[in-house]
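J.: According to my numbering, the sequence shown is numbered sequentially starting from 207.
No residue lacks a Cβ here, since even glycine has one placed at the ideal position from N, Cα and C.
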Amino acid sequence: MIIQVIQHDPLLPLGYIQDWANENDYEVKTAKIYEGEPLPVDETFDLLVVLGGRQTAYEIDNYPFVAEEAEWLRKLVDENQSILAICLGAQILSTALGGEVRRMAHMEIGWHTIYEVEEARQHPLLKGLPEEIRLFQHHQDFFSIPERAEKVYYNQNCNNQGFVVNDNILAVQFHPEITPVGIEEFLAKDQIYEPDEEVLVQTEKQIINDEKFEDGREYLYSLMENYKAVIKQPVPEAHEV
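1. Could you tell me the boundaries of the alpha helix (DSSP H) in which Ser300 lies?
2. Mapping DSSP to helix, strand and coil, what is Phe348?
3. Taking only the alpha-carbon atoms, compute the straight-line gap between Val447 and His318 and give it to the nearest angstrom.
4. Which residues share a DSSP beta bridge with Glu241?
5. Are the segment 358-366 and the segment 305-321 touching by the rule of at least three beta carbon pairs closer than 8 Å?
6. What residue from His344, Ser428, Trp278 has the CA that sits closest to Thr409's CA?
7. Return the chain-ordered list of same chain residues with a C-beta closer than 6 Å to the C-beta of Met430, the five sequence neighbours on each side being excluded.
8. Do Phe380 and Ile320 have their beta-carbon atoms positioned less than 8 Å apart in this structure?
9. Could you give the C-beta distance for Asn331 and Val436, rounded to a whole number, given that I count them as a contact under 8 Å?
10. How many Å lie between Leu253 and Gln261 at the Cα?
11. Let's see if you can read the secondary structure: which residues bound the beta strand (DSSP E) around Val430?
12. Per DSSP, Phe342 is paired with what?
13. On the CB-based measure, 16 or more other CB atoms within 10 Å of its CB, does Leu218 come out buried or exposed?
14. Classify Val447 as helix, strand or coil using the three-state DSSP reduction.
15. Please confirm whether Ile351 and Gly305 have their CB atoms less than 8 Å apart.
16. Return helix, strand or coil for Gly368, following the three-state DSSP convention.
17. What is the rounded straight-line gap between the Cα of Val466 and the Cα of Glu274?
Below you can see the structure in the form of structure tokens.
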């Protein structure tokens, strides 16, 4: 399997996805958008992973790469490319498919529970995954669910936490890929936010000392195994959840 990665931010690498790929001897190629590297438009790969970033999906003047990336993602969806999009990546994918990205009234930073939509539990990419789980969040923007997609995750803080397209595309607002080392490096260099339970921002100690990393790793590994199974099968034109 060849995994192509779109990395928007040096502080948000592949994390557990890299670990899973290494353990399975899969090839990983990375386009570092933050260094000005081009999109791999002429490359072929089995799975595209579009990572998060501290940019926004709607400030086109500040982040001109977003429009080009959205157009490319739209083309890949039409070609039935398998895709995992995380945080900013999910927001760009939403806009690519006609959705919107807007600013929430509050931030969501730390470990928060997300819930699976009941009707989505039979989706091939969600097979065997928990119906609710605490995973790391770091965002203030959120995406709408595009018309050709189906909502699969939500929580009380942000109603749209994930969507699927067909059998082989998942977009999530949360970060299942984040590792303990990744968290520490991110918090050491990222903007410091004032902890506030009312706006869902946890303290650095709460984030680093949380014992949910293993849950995130298990979720991510199971998800990647589901991708592996789906990629081996012919992809239908649509999947209803």
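T.: According to the data block:
1. 294-302
2. strand
3. Note that Val447 scores a pLDDT of 46, beneath 50, so its modelled location is shaky; the value from the coordinates is reported in the next line. Each residue's alpha carbon lies about 24 Å from the other.
4. Paired residue(s): none; Glu241 is not in a bridge.
5. Taking a cut-off of 8 Å on C-beta distances, the segment 358-366 touches the segment 305-321, as three or more cross pairs fall below it.
6. His344
7. Trp226
8. Note that the C-beta distance between Ile320 and Phe380 is below 8 Å.
9. In the sequence on display, residue 331 carries Leu and not Asn. That pair is a contact at about 6 Å.
10. 23 Å
11. Here residue 430 turns out to be Met, not Val, going by the sequence shown. No beta strand (DSSP E) contains Met430, which is instead part of the alpha helix (DSSP H) from 419-437.
12. Answer by DSSP bridge pairing, in chain order: Trp317, His381.
13. So Leu218 counts as buried.
14. In this prediction, Val447 has a pLDDT of 46, which is less than 50 and means its spatial position is unreliable; what the coordinates show is noted afterwards. Correct three-state label for Val447: coil.
15. yes
16. strand
17. Within the shown structure, residues of the chain are numbered from 207 to 447, placing residue 466 beyond reach of any answer.
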